[in-house]
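**Student:** The numbers in the numbering used here rise by one with no breaks, and the one at position 384 of the sequence shown is 956.
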Amino acid sequence: MAEQAINNKDSSVQEEWGQICSQLKLEFGETAFDSWLKPLSIGSFNNGVMNICVPTTFMKNWVITHYSERIHKIWEHKNPEIKQVNFVVQTMNSGDTSLLKKIVSTPTPQNLYASNYETAVNDYIIPENNGNMQLSAPLNPAYTFDTFVVGKTNEFAYAAARKVAESKSVSFNPLFLYSGVGLGKTHLMHAIAWHIRRQDPSRNVIYLSAEQFLYKFVKALRYKDTTAFKEQFRSVDVLMVDDVQFMSNKESTQEEFFYTFNSLIEEGRQIIISADKSPSDLEGIEARLKSRLNSGLVADIHPTDFDLRMGILKNKARQMGIELPEKVAEFLAQKITTNIRELEGSLRRIVAHSQLLSDREITLDMTQDVLKDMLRSIDRKTTIDEIQKKVAEYFNISVKELQSSRRARTVARPRQIAMYLAKQLTSRSLPEIGRKFDRDHTTVMHAVRKVEELVVEDSSLAENVDTLRRMLEN
Ligand code: ADP
Ligand code: MG
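What follows is the structure, given as structure tokens:
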């Protein structure tokens, strides 16, 4: 219970929880964090068992299936004393929830370093009220069209978003935005919402993540209140649902969504959807819903290019009021190519570092030093090409032979080992690995299984695999 919860000696546990929250927010995104993780609070900690309080049983089950493993992993990594993380249902009185808020929103060095101080603070800004607002999730004030940097990779999605925001009538319905993570879908959706609310405050614009839609729907079901749930959407002028891939394999939610979706479209209301894949590629989504999603305008945002990354860094530095040397910007834009969220995160880390150390100047040396760990892991990311090259060298054959259809043992075995290592050391899927070897995914699967068996039976082969792994990991 709360009384026996945390004593002074365990205040480090509180601090760790704050850091874990920052990390979870980065990994799962703000909307998922707000819906499922923000309501958690730390309870008691005894004999290596950490109890975390969850407000409802439904949430508990959800958190266990979706987040508990990750929470445990991060915590264990920070504090090896933690052996187990349990979730217990405990309704919090409003006072108790302040703990997490305080930890997340206070600018301690920890959350500055966790690189999301700014977003953490922004989260608590309540949007202006306009009628049905409790249905909508809060909008991030930083996500506007003004702060969105346009480049080759996102210009189409940007133009579509602007058109929808500025049109008085419905232009294409739905607008479907998709991209990999951290490339600006949520930013564009919030920008549309801000724009419309500013232009015409009487229009009812609702922004929700698919998880929040699901959560509200399930809550309505629990309280047998689905009519009220449906009513809420009646007066919506613009409905935005972010990250609809979360609805995959949830038939009843999809059905409810499909219903809401159709009736709004029929009434000429604008709908904007985002996902991590195109409608046709979404898995676990009913065919009729997919075809509906495909029926408007589909716009994708491509991975960033160097110019966009430079543009974003310069823009962000200007907003933060800092001087970012050209060399440092170029270095970051070259190295951090995964997504914009990480790019911004690394910039914030450098800025926080320079400010905490009494305005230490931002230089290339300092940047490399502050981002050491991150850069090391980027450099270490092994590619399938490298694996093929190293394995071929090691067994004295050519990469061509490795990729060929020759079945001679001297070539076939190294090929299987290379496939096995590709599966182990990269995050590539079986079909992706297969393509690199001109094979299909079943061949790769077979190779992985075969090598798994062989390393147990054949110690010299096991040694070869191990040496190769070490060579590739360095
Ligand atoms: P997604 O929803 O696609 O995962 P987000 O919209 O959350 O990505 O974007 C991740 C971060 O990158 C946000 O902080 C966002 O403001 C920023 N961002 C993305 N695209 C741009 C852009 N074109 N210009 C400026 N900032 C951007
Ligand atoms: Mg998003």
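Idealized CB from N, CA, C, for every residue including glycine.
What I want to know is whether the C-beta of lysine 1049 ends up closer than 7 Å to one or more non-hydrogen atoms of the ligand MG.
**Tutor:** Beyond the ends of the chain as shown, which are 573 and 1046, falls residue 1049; an answer cannot be given.
**Student:** Just the C-alpha distance for valine 722 and aspartate 1012, rounded to the nearest angstrom, thanks.
**Tutor:** Sequence index remark: in the sequence shown, residue 722 carries index 150 (1-based). Sequence index remark: in the sequence shown, residue 1012 carries index 440 (1-based). Straight-line Cα distance between these residues: approximately 38 Å.
**Student:** For asparagine 618, which residues of its own chain have a beta-carbon under 8 Å away from its beta-carbon, when the five flanking residues on both sides are left out?
**Tutor:** In the sequence shown, residue 618 corresponds to position 46, counting from 1. Excluding positions up to five away in sequence, the list is empty.
**Student:** Less than 8 Å between the C-beta atoms of asparagine 776 and aspartate 809, yes or no?
**Tutor:** Here the question's residue 776 lines up with position 204 in the sequence shown. Here the question's residue 809 lines up with position 237 in the sequence shown. A contact, by the Cβ cut-off of 8 Å.
**Student:** Any heavy atom of the ligand ADP closer than 7 Å to the CB of tyrosine 715?
**Tutor:** Mapped onto the sequence shown, residue 715 falls at position 143. Tyrosine 715 Cβ: within cutoff of the ligand ADP.
**Student:** Please report the Cβ distance between valine 900 and leucine 936, rounded to the nearest whole angstrom; I am assuming they are in contact, meaning their Cβ atoms lie under 8 Å.
**Tutor:** For this step, residue 900 is matched to residue 328 along the sequence shown. For this step, residue 936 is matched to residue 364 along the sequence shown. Indeed they touch by this definition, with Cβ atoms about 6 Å apart.
**Student:** Cβ atoms of threonine 939 and isoleucine 912: under 8 Å apart, would you say?
**Tutor:** The sequence position of residue 912 within the sequence shown is 340, counting from 1. The sequence position of residue 939 within the sequence shown is 367, counting from 1. Their beta carbons are not under 8 Å apart, which means isoleucine 912 does not touch threonine 939 by this criterion.
**Student:** Considering only DSSP beta bridges, list what cysteine 625 is partnered with.
**Tutor:** Locating residue 625 in the sequence shown gives position 53, counting from the first residue. Answer is Ser613 and Val660.
**Student:** In terms of DSSP beta bridges, what is glutamine 842 paired with?
**Tutor:** Against the sequence shown, residue 842 aligns to sequence position 270. Beta-bridge pairing links glutamine 842 to Val810.
**Student:** Could you check where the beta strand (DSSP E) with aspartate 853 kicks off and where it finishes?
**Tutor:** Mapped onto the sequence shown, residue 853 falls at position 281. Where aspartate 853 is concerned, there is no enclosing beta strand (DSSP E), given that its DSSP letter is neither H nor E.
**Student:** Determine the DSSP secondary structure at glutamine 682, reduced to helix, strand or coil.
**Tutor:** On the sequence shown, residue 682 is found 110 positions in, with the first residue counted as 1. Unreliable positioning characterises glutamine 682 in this predicted model, as indicated by a pLDDT of 33, which lies under 50. The coordinate reading is nonetheless provided below. Looking at glutamine 682 - three-state DSSP - the assignment turns out to be helix.
**Student:** Count the other CB atoms, across all protein chains shown, that sit within 10 Å of the CB of methionine 1043; report buried if there are 16 or more and exposed otherwise.
**Tutor:** Within the sequence shown, numbered from 1, the residue matching residue 1043 stands at position 471. Burial call: exposed.
**Student:** Just tell me which of Ser584, Glu587 and Leu609 has its CA closest to the CA of leucine 596.
**Tutor:** Position 24 of the sequence shown, counting from 1, holds the residue named residue 596. Comparing Cα positions, the closest option is Leu609.
**Student:** Drop a sphere of 10 angstroms on the beta-carbon of threonine 799, count the other beta-carbons inside from all chains shown, and report buried for 16 or more, exposed for fewer.
**Tutor:** Taking the first residue of the sequence shown as position 1, residue 799 is located at position 227. Classification for threonine 799: exposed.
**Student:** Counting pairs of Cβ atoms below 8 Å between the segment 816–828 and the segment 631–646, do you hit three or more?
**Tutor:** no
**Student:** Methionine 892: buried (16+ other C-beta within 10 angstroms of its C-beta) or exposed?
**Tutor:** The sequence position of residue 892 within the sequence shown is 320, counting from 1. Answer is exposed; the Cβ neighbour count stays below 16.
**Student:** Kindly list the residues whose CB is nearer than 7 Å to the CB of glycine 667, restricted to its own chain and excluding five residues on each side of it in sequence; keep chain order.
**Tutor:** Residue numbering aside, residue 667 sits at position 95 when the sequence shown is read from its first letter. Because the pLDDT at glycine 667 is just 33, under 50, the model does not fix this residue reliably, and the value given afterwards should be weighed accordingly. Once the five neighbours on either side are set aside, glycine 667 has no close Cβ partner at all.
**Student:** Please report how far the alpha carbon of aspartate 772 lies from the alpha carbon of alanine 737, in whole angstroms.
**Tutor:** Locating residue 772 in the sequence shown gives position 200, counting from the first residue. Locating residue 737 in the sequence shown gives position 165, counting from the first residue. For aspartate 772 and alanine 737, the distance between alpha carbons rounds to 11 Å.
**Student:** Between glutamate 916 and the ligand SAH, is the CB less than 7 Å from at least one heavy atom?
**Tutor:** Among the ligands modelled here, namely the ligand ADP and the ligand MG, the ligand SAH does not occur.
**Student:** Which value, in whole angstroms, describes the spacing of the CA atoms of leucine 861 and glutamate 855?
**Tutor:** Residue 861 sits at position 289 when you count from the first residue of the sequence shown. Residue 855 sits at position 283 when you count from the first residue of the sequence shown. If I take the Cα positions, the gap works out to 12 Å.
**Student:** Classify glutamine 591: buried if its beta carbon has 16 or more other beta carbons within 10 angstroms, exposed otherwise.
**Tutor:** Taking the first residue of the sequence shown as 1, we reach residue 591 at position 19. Flag for glutamine 591 reads buried.
**Student:** Looking at the ligand MG, does it come within less than 7 Å of glycine 752, judged from the CB to the closest heavy atom?
**Tutor:** Taking the sequence shown and counting its residues from 1, one reaches residue 752 at position 180. The answer is no for glycine 752.
**Student:** Does the ligand MG have even one heavy atom less than 7 Å from the beta-carbon of aspartate 815?
**Tutor:** Here residue 815 refers to the residue found at position 243 when the sequence shown is read from its first residue. Checking every heavy atom of the ligand MG against the Cβ of aspartate 815, one is found closer than 7 Å.
**Student:** Leaving out five residues on either side along the sequence, give the residues of the same chain with a beta carbon under 8 Å from the beta carbon of glutamate 783.
**Tutor:** For the purposes of this step, residue 783 is taken as the residue at position 211 of the sequence shown. The answer, listed in chain order, is Thr603, Ala604, Ser607, Trp608, Asp815 and Phe818.
**Student:** Can you give the Cα-Cα distance for asparagine 866 and threonine 876, rounded to whole angstroms?
**Tutor:** Working through the sequence shown from its first residue, we reach residue 866 at position 294. Working through the sequence shown from its first residue, we reach residue 876 at position 304. Their Cα atoms are separated by approximately 24 Å.
**Student:** Hey, alanine 763 and tyrosine 795 are a contact pair by Cβ (cut 8 Å); roughly how many whole angstroms apart?
**Tutor:** As a position in the sequence shown, residue 763 is number 191, starting the count at 1. As a position in the sequence shown, residue 795 is number 223, starting the count at 1. Incorrect: roughly 34 Å between the Cβ atoms, too far for contact.
**Student:** What are the partner residues of leucine 780, as DSSP defines its beta bridges?
**Tutor:** Within the sequence shown, numbered from 1, the residue matching residue 780 stands at position 208. Within the DSSP secondary-structure output, leucine 780 pairs in a beta bridge with Val813.
**Student:** With DSSP as the reference, identify every bridge partner of valine 870, one or two as the case may be.
**Tutor:** Start at 1 with the first residue of the sequence shown, and residue 870 comes out as number 298. Bridge partners of valine 870: Phe748.
**Student:** Could you check which residue in Met991, Thr1039, Arg806 and Arg1041 has the C-alpha nearest to that of histidine 1018?
**Tutor:** Position 446 of the sequence shown holds residue 1018. Histidine 1018 has its Cα closest to that of Met991, out of Met991, Thr1039, Arg806 and Arg1041.
**Student:** Using 7 Å as the cut-off, classify the Cβ of arginine 734 as near or not near the heavy atoms of the ligand ADP, replying yes or no.
**Tutor:** Taking the sequence shown and counting its residues from 1, one reaches residue 734 at position 162. Result no, Cβ not under 7 Å from the ligand ADP.
**Student:** What's the gap between the Cα of alanine 574 and the Cα of phenylalanine 600?
**Tutor:** Here residue 574 refers to the residue found at position 2 when the sequence shown is read from its first residue. Here residue 600 refers to the residue found at position 28 when the sequence shown is read from its first residue. In this prediction, alanine 574 has a pLDDT of 41, which is less than 50 and means its spatial position is unreliable; nothing more can be read from the coordinates.
**Student:** Out of Lys886, Leu786 and His759, which one is the CA nearest neighbour of tryptophan 634?
**Tutor:** By one-based count along the sequence shown, residue 634 stands at place 62. Nearest of Lys886, Leu786 and His759 to tryptophan 634, Cα basis: Leu786.
**Student:** In whole angstroms, give me the CA-to-CA distance for methionine 812 and leucine 711.
**Tutor:** As a working note, residue 812 is residue 240 in the sequence shown. As a working note, residue 711 is residue 139 in the sequence shown. Rounded to the nearest angstrom, the two C-alpha atoms are 12 Å apart.
**Student:** So which of Met946, Phe1009, Arg1000 and Leu943 has the shortest CA-CA distance to lysine 972?
**Tutor:** For this step, residue 972 is matched to residue 400 along the sequence shown. Cα-wise, what sits closest to lysine 972 is Phe1009.
**Student:** Just list the residues that DSSP pairs asparagine 618 with in beta bridges.
**Tutor:** Start at 1 with the first residue of the sequence shown, and residue 618 comes out as number 46. DSSP lists Val621 as partners of asparagine 618.
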